[in-house]
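> This note's numbering applies: residue 850 is where the sequence shown begins, and numbers increase by one. Just so it is clear, CB atoms sit at the ideal spot from N, CA and C, and this is done for glycine as well. Treat the numbers as computed from the prediction; the structure is a model and nothing was measured.
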Amino acid sequence: MSQGVCKKVSRTAKEMLDLPDDIVIQFFSHLNYRDRAYLATTCSRLRLLGRSQYLWQSLDLRMPEFDVKVAKLFASRCADLRKVQFHGGISAHALIELKARELKEISGENCSNISDDTLKLIASNYTKLESLQLGWDIFGRVTSDAITEVAGCCTKLQKLRLSGIEDIGGVAVNALARNCPHLTEIGFIHCLNVDMKTLGNVLSLRFLSVAGSSNIDWLSASKYLIGLPNLKCLDVSRTSICYDALTRLLSSLENLTILCALGCPVLDHDPRTDKHKSIKDKLLLTLSTNIFEGLSSLFVDTTMEDKNIFSSWRKITMKNQNLNEVMTWLEWILSQSLLWFAKSNQEGMHRYWSSQGVALLLCLTQSTQADIQEMAVAALSSFATADYGYARAVAQEGGILLLLNLAKSWREGLQIKAAVAIKNLSYCREVKLIVEEVGGIEILANLARSKNRWLVKEAVAVLRNLSTGEIHKDAYVGVVQVLVNVIKKWTTDGDGILKCAAGALANLVADNKYSMLVVEVGGLTALVGLAQMCTCKGVQKQVAQALANLASHGDTNACNAAIGEEFGAVEVLVKFLYSPSNGVREVAVIAVSNLCFYARNREAIAAGGGVDALVSLADTCTYDAQASNDLQEKVVRALREFCVSESDSIRIGTRGGIASLLALGLSMAKGVHESAAEALWTLSFHHINAMQIVDEEGLPYIAHHCTSSLSKMVRFVSALTLTYIFDTRMDEFCLSGGSTGRNLKRKIDAFRSSAMKSIDDFIFAFSDPQLLSAVATSSSPALLTEVALSAYIVGTAHLRCSGAEIERFTYMLRSSCMEIRTCAAFALLQFTFRGNLHAAYHASLLQNTRARAALRAAAASATGSVQSKIYAKIVLRNLEHHDTKTAENDV
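(1) Work out the CA separation of serine 1498 and cysteine 1492 for me, nearest whole Å.
(2) So, helix, strand or coil for glutamate 1034, using DSSP?
(3) I need the straight-line Cα distance from leucine 1373 to lysine 1606, nearest angstrom please.
(4) Cysteine 1109 bridges to which residues according to DSSP?
(5) Cutting at 6 Å between CB atoms, please list the residues of its own chain near glycine 1019, excluding the five before and the five after it.
(6) Would you give the residue range spanned by the alpha helix (DSSP H) that glutamine 1330 belongs to?
(7) With distances taken between CB atoms, is the gap from leucine 1032 to leucine 1041 smaller than 8 Å?
(8) In chain order, what residues of the same chain have a beta carbon less than 7 Å from the beta carbon of phenylalanine 1755, not counting five sequence neighbours either side?
(9) Expressed to the nearest angstrom, what Euclidean distance is found between the alpha-carbon atoms of asparagine 1727 and threonine 1577?
(10) Closest to leucine 983 by CA distance: which of Ala1094, Cys1003, Phe1037 is it?
(11) In the DSSP assignment, find the unbroken alpha helix (DSSP H) run with glutamate 1046 in it and report its ends.
(12) Helix, strand or coil for asparagine 1301, going by three-state DSSP, please let me know.
(13) Looking at glutamate 1261 and asparagine 959, is the spacing between their C-beta atoms short of 8 Å?
(14) Take leucine 1183 and list the residues in its own chain whose beta-carbon comes closer than 7 Å to its own, dropping the five residues that flank it on each side.
(15) Can you give the Cα-Cα distance for isoleucine 1346 and glycine 1387, rounded to whole angstroms?
(16) Kindly list the residues whose CB is nearer than 6 Å to the CB of glutamate 1482, restricted to its own chain and excluding five residues on each side of it in sequence; keep chain order.
(17) Tell me whether aspartate 916 sits in a helix, a strand or coil according to DSSP, three-state version.
(18) Would you call threonine 1405 buried or exposed, if buried means 16 or more other Cβ atoms sit within 10 Å of its Cβ?
(19) Taking DSSP as the reference, what is the three-state secondary structure of serine 1058?
(20) With DSSP run on the structure shown, which of helix, strand or coil describes lysine 932?
(21) If we cut at 8 Å on Cβ distances, does alanine 972 have a partner in chain D?
(22) Does serine 980 come out as helix, strand or coil in the three-state DSSP assignment?
(23) If you follow the beta strand (DSSP E) that arginine 1260 is in, where does it begin and where does it stop?
(24) Hey, how far is the Cα of serine 907 from the Cα of alanine 941?
(25) Whose C-beta lies closer than 6 Å to the C-beta of lysine 1722 among residues of the same chain, with five residues either side of it excluded?
(26) Pull up the distance between the alpha-carbon of phenylalanine 876 and that of valine 1367, whole angstroms please.
(27) Can you tell me whether DSSP reads glycine 1247 as helix, strand or coil?
(28) Are three or more beta carbon pairs between the segment 1665–1674 and the segment 1621–1634 nearer than 8 Å?
(29) Suppose contacts are defined by Cβ-Cβ distances below 8 Å. Is valine 1436 in contact with glutamine 1394 by that definition?
(30) Can you tell which of Leu1098, Glu1668, Ser1186, Gln1245 has the C-alpha that lies nearest to the C-alpha of histidine 1039?
(31) Tell me the rounded alpha-carbon separation between aspartate 916 and threonine 1106.
(32) Out of Asn1538, Val1333, Leu1480, Arg931, point me to the one whose CA is closest to glycine 1378's CA.
(33) Thinking just about the alpha-carbon of each residue, which of Asp1617, Leu1312, Gly1318, Tyr1641 is nearest to the one in arginine 1564?
(34) Is threonine 1341 buried or exposed, if buried means 16 or more other CB atoms sit within 10 Å of its CB?
(35) Look at the Cβ atom of asparagine 1023, then the Cβ atom of arginine 1055, and state whether they are nearer than 8 Å.
(36) Whether or not the segment 1501–1510 and the segment 1526–1533 are in contact is what I'm after, with contact meaning three or more pairs of Cβ atoms, one per stretch, closer than 8 Å; do they touch?
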């Protein structure tokens, strides 16, 4: 129950006080211990009823905070405690402090660090134990000595289930046989060595499991086991039992009802096994038998449907005691076997899961035994990750609704496991849709409001998975505020809750509607605060992704501008650019690029050191082997966003950005190669950067790209870079630059002929001499269109030039250098090509610069190349086309 619900209950305490005590106590019983304590503080009567012995007969202590200190706080209420569940070795040691002398049942999970001493202390303090269950992992530290001590202290023991013990010797087993006359069930699961001979001395045994235990000589062991007169059920699953031992057990054990042999490789490969589904009314269960059909044969009522056998049995009011014990034990056997199969991802299990495994697990999730439910849910969680087909099977069998109902349980342990299962299943699209359609989002949001850290973590993790890809928009409206509250509340969780919550918000804000909602409810402030506070890389990456997605909406909403106005947001992103994590840096670069949509944001980032950070990151990318191609490409693209500002562009050049871009331009990755070339072209517009390119010995590289790159775009922008450097404007700047300028002028002059040759070769590569000759004589619209199509470079569609750049190309049309004129005309053809994204914009800029005269002069020039004349005519024709469209729009 959430804190909000508790407050509502406290406000209506007067109505509750009118209820009888037994009803109030029953209400208490459906709350976890944390909520019981909260509700008990509202008044003296509820405080008294909250201490009722009835409420303290069973305790589920599987919480990470349970230790000796907490145990001492509980001790005063545990005088009548009968059952306890715990998790881990620290909790096991703390059990001793409960002083629950009437304790009869102990069940522990994750007991690998329990020692002999701890187990002996538990046994000596709780001598009235009737059931002891520890597992399912490998113990390692528990030996036969501790089992002998348990046998000596707990003489009323009826059930003993232990897992993963290395050696269970004859002394320990004989001690159990001698001291525990009521011991009817033993489970030695996945043990290395079990003394099977002495097990034959425990004559009171009715239920025995040695599933997964190794080093058993089954021909010898079967001789001893047939001496157990009361044995009703035997589990030898996942062992090396052979067919001969199996038939001996089935034929010799008179009272045996069920022999479970799931996943026994020797039996599974023996063709004789399939012939013996039952011997003398003894049921044999293997992976190849129909378990539902077999269990139906145990019941007198033959009208029960096979797949509903478990639910039908649970509904029987007048149960047969013997059959009830068998079915209860069988639920445990099946659940732990299926859990092991799921966790180990055994080969060859696909057919079994599809035919009956999934249906069995879903039946077991509805068990009245809490530990059975949890093992079944854990198995669903484990095997779902192995194959999306399993997740679909769970969905088709109605498993998603079952899991969501379990997620509403008052038992937090079951809630956590159900949430984990839904999380692992939710990678399947069909599961996502079902969760959304049946109201699962609201259930998960309620779990995220819990005070239990582990439950919140899993609930938020499910929401993160579900919010990826296509989602039902209306289903998540209430989730946004919950996620923001989670970030504000769990400020110290680090890589758990906060990472998942930020990731879920990152997914949601990719949608235009939710991006605005997140900002409205304070999500942006929460994310920035989280980024300032948390140093966990996983959290930082998710926050950066959320900011990047928020900023990606451009002018469709106000989120991009809101980030720039949010105090500390820009500083956070700049800090992320220096992160040692490539993942954090990569997403931060995307966020910075998206924010540059607004000039004000771009200015704020530059003022906050963003340009220097990007240049530094670009430099790191040139030598860091861990830097991915994606990171390199995104850094280069981000640098290009800042090139629209003259001051930022020059800052990039003077801080070392030119050298880094030249190095990245050599990359074999197409995206990096093209982005670096485009950035160098944009930077070279400013003479300081152009001189820096010359000084960095970049001319040979650019000329090589101009003629030899496999990318048409790289060849194009490299040719434009050469025209910027070799037009007459550069000569003026070099001459006014003193000795440094004169040295650069000498380098430019020395390379001029090679550069012009490269530009000429580039233009020639897009020329068809026969077609050009035909156009030169006729200039028909059809032929001009054919030339334009042959010269057009598809990648230029995204290029957007400034007015100053268009003016410079117009100036180049009057250049004394034929190669410069031809390249300028070729560039203008690309920028005004009909259908291009920015063609109309470029046409309007050409109108403003009065370029028509220059274009007509170029088209009629007697000294110009054939290409420059024809390209100029095509550009003039494009301008006329855009003039016509503009006039039509005005009308």
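From the atom records:
(1) 4 Å
(2) Look at glutamate 1034 here: in three-state DSSP terms it is strand.
(3) 54 Å
(4) Asp1084, Leu1134
(5) The answer, listed in chain order, is Asp1044, Thr1047.
(6) 1326–1338
(7) no
(8) Nothing about residue 1755 can be reported from this structure: the residues present for the chain run from 850 to 1740 only.
(9) 28 Å
(10) Phe1037
(11) With the sequence shown as reference, residue 1046 is identified as lysine, and glutamate is not the correct amino acid for it. Per DSSP, lysine 1046 belongs to the alpha helix (DSSP H) from 1045–1048.
(12) coil
(13) no
(14) Excluding residues up to 5 positions away in sequence, Leu1209, Leu1213 lie with their Cβ nearer than 7 Å to the Cβ of leucine 1183 in the same chain.
(15) 11 Å
(16) Gly1520, Val1521, Ser1524
(17) coil
(18) Exposed.
(19) strand
(20) strand
(21) Looking at the structure shown, chain D is missing, and only one protein chain is on hand.
(22) Serine 980 falls in the strand class under three-state DSSP.
(23) That residue, arginine 1260, is in no beta strand (DSSP E); it is neither H nor E in DSSP.
(24) 16 Å
(25) Ala1708
(26) 37 Å
(27) coil
(28) no
(29) yes
(30) Ser1186
(31) 43 Å
(32) Val1333
(33) Tyr1641
(34) exposed
(35) no
(36) yes
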